[in-house]
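Chains as they are written, first to last, in the working numbering: chain A, 1 to 171; chain B, 172 to 342.
Cβ atoms here follow ideal geometry from the backbone N, Cα and C, with glycine treated the same way.
Below you'll find the structure, written out as structure tokens, and then a few comments.
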């Protein structure tokens, strides 16, 4: 069975208890969180945020190179002025290189689409990293130097430990 | 006070109750969710998912054009085989055009960086949309046609209603 076949039934229980119908669009804490797509991370609960408090941008690794479009919309249209970037222990991004992942994708390609897939995957930078703390520092530097991020933005960088749930500030 | 100044204190309470130290990296339900960064969305609770069940990719609008890098990593390295895309009512993406947002960014630019900012913002497609249901259909089509997304992927498209918490399947 596919997971989505349970969504409507599960959602009915959520709707019965739903009590936040009129939250404003702009995040209450003027905050945007960037974190990894990892299934083991509860971006809000782990740092005590509530529904309505912050924008949450997530992708493989919590890499900021992917998120400038979202940051501009968040800051210019919805008033956020703080960004907190979270990477985490045990991240899949620490386990491969661009070349390894490109080889995996090419090896699995059906012959009739192999050249199309090879071209697409060779153009993609998967943004893997080998040093967790350094990856946070690099992302903060990227944000501070990006001309589309407002200069007055408060930017911090963190590591979340998936084993014990602890956060540690890096930048 | 900046929001991040409360993270460590809030996190201590989370850590005291943390009881999921050894979840595996691959998502239990082989599922990847794409949804908007909107602060009013609880991507897991609203459809009955638990920590460890699914990758969660979020950005402005829940637009799939931004997320192929993350999908490839999720599918090829961590075994997901299902994608559920959620857009939502009251989305900020329904309220502006590329040109309007570009004009806002340029108008705010300090003179010494104005040309650098204009160049960067003119290159950015902010992926705004004007029809919510159509935006979900377009994103599902984009995923089904993308050569880097595995052909056997189960792909569904949904709208989440921020007013009552209900989800509705579109595709």
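Per DSSP, which residues does residue 207/B bridge with? Please list them.
Paired residues: 230/B.
Determine which residues share a DSSP beta bridge with residue 331/B and list them.
Among the bridge pairs identified by DSSP, residue 331/B is matched with 259/B and 338/B.
Are the C-beta of residue 64/A and some C-beta of chain B separated by less than 9 Å?
Output row for residue 64/A: interface = no.
Residue-chain proximity (residue 184/A, chain B), Cβ-Cβ < 9 Å
Since the first and last residues shown for chain A are 1 and 171, residue 184/A lies out of range.
Straight-line CA distance for residue 150/A to residue 60/A?
Approximately 24 Å, taken between the alpha carbons.
Can you give me the start and stop residues for the alpha helix (DSSP H) that residue 184/B sits inside?
178 to 188 is the extent of the alpha helix (DSSP H) around residue 184/B.
For a test of the three-state rule: what should DSSP assign to residue 254/B, helix, strand or coil?
Reduced to three states, the DSSP call for residue 254/B is strand.
Contacting residues, own chain, Cβ-Cβ under 7 Å from residue 26/A (five flanking each side not counted):
Answer for residue 26/A: 78 and 79, listed in chain order.
Confirm, please, whether the CB-CB distance from residue 226/B to residue 333/B is below 9 Å.
Going by C-beta atoms, residue 333/B is not nearer than 9 Å to residue 226/B.
Let me make sure I understand the geometry here. Which of 164/A, 147/A, 74/A and 116/A has the alpha-carbon closest to that of residue 262/B?
Nearest C-alpha to residue 262/B among 164/A, 147/A, 74/A and 116/A: 74/A.
Taking only three categories from DSSP, how would you classify residue 51/A?
Coil at residue 51/A, not helix or strand.
Can you pull the DSSP bridge partners for residue 202/B?
For residue 202/B, the pairing in a beta bridge is given by DSSP as 225/B and 253/B.
So with CB distances below 7 Å, who are the chain A contacts of residue 173/B?
Those within 7 Å of residue 173/B in chain A are 82 and 154.
Determine, for residue 192/B, whether the minimum Cβ-Cβ distance to residues of chain A falls below 9 Å.
Interface with chain A (9 Å Cβ-Cβ cutoff): residue 192/B is included.
Distance between beta carbons of residue 64/A and residue 148/A, contact taken as under 8 Å
For residue 148/A against residue 64/A, the beta-carbon gap comes to about 12 Å, at or over 8 Å, which does not count as contact.
Give the list of continuous beta strand (DSSP E) stretches no shorter than 3 residues that lie fully inside the segment 123 to 155 of chain A.
The segment 123 to 155 of chain A contains no whole beta strand (DSSP E) run of 3 or more residues.
Relative to the C-alpha of residue 147/B, which candidate in 40/A, 18/A, 58/A and 43/A has its C-alpha closest?
Any answer about residue 147/B is impossible in this case: the structure gives chain B only from 172 up to 342.
Among residues of its own chain, excluding the 5 on either side of residue 157/A, which ones have a beta-carbon nearer than 7 Å to its beta-carbon?
Cβ neighbours of residue 157/A beyond the five flanking positions: 85, 136, 137, 139, 140, 170 and 171.
Reduced DSSP secondary structure (H/G/I, E/B, other) of residue 245/B
Correct three-state label for residue 245/B: helix.
Going by the CB atoms, is the gap between residue 325/B and residue 252/B shorter than 9 Å?
Yes, the pair counts as a contact, with Cβ atoms nearer than the cut-off.
Chain-order list of residues whose beta-carbon lies under 8 Å from that of residue 238/B (same chain, five-residue window excluded)
Beyond the five residues adjoining it in sequence on each side, residue 238/B comes within less than 8 Å, by CB distance, of 205, 228 and 230 in the same chain, given in chain order.
Indicate whether residue 31/A and residue 175/B have their beta-carbon atoms separated by less than 9 Å.
Inclusion of residue 31/A and residue 175/B in the CB contact set at 9 Å is warranted, their separation being smaller than that value.
Hey, residue 122/A and residue 102/A are a contact pair by Cβ (cut 8 Å); roughly how many whole angstroms apart?
Confirmed, Cβ separation roughly 6 Å.
Exposure label - residue 20/A; buried when at least 16 CB within 10 Å:
It counts as exposed.
Please identify the residue among 243/B, 335/B, 277/B and 193/B whose C-alpha is closest to the C-alpha of residue 93/A.
Of the listed residues, the one whose Cα sits closest to residue 93/A is 243/B.
State yes or no: is the beta carbon of residue 30/A nearer than 9 Å to at least one beta carbon in chain B?
Chain B, which has a Cβ nearer than 9 Å to the Cβ of residue 30/A, makes this yes.
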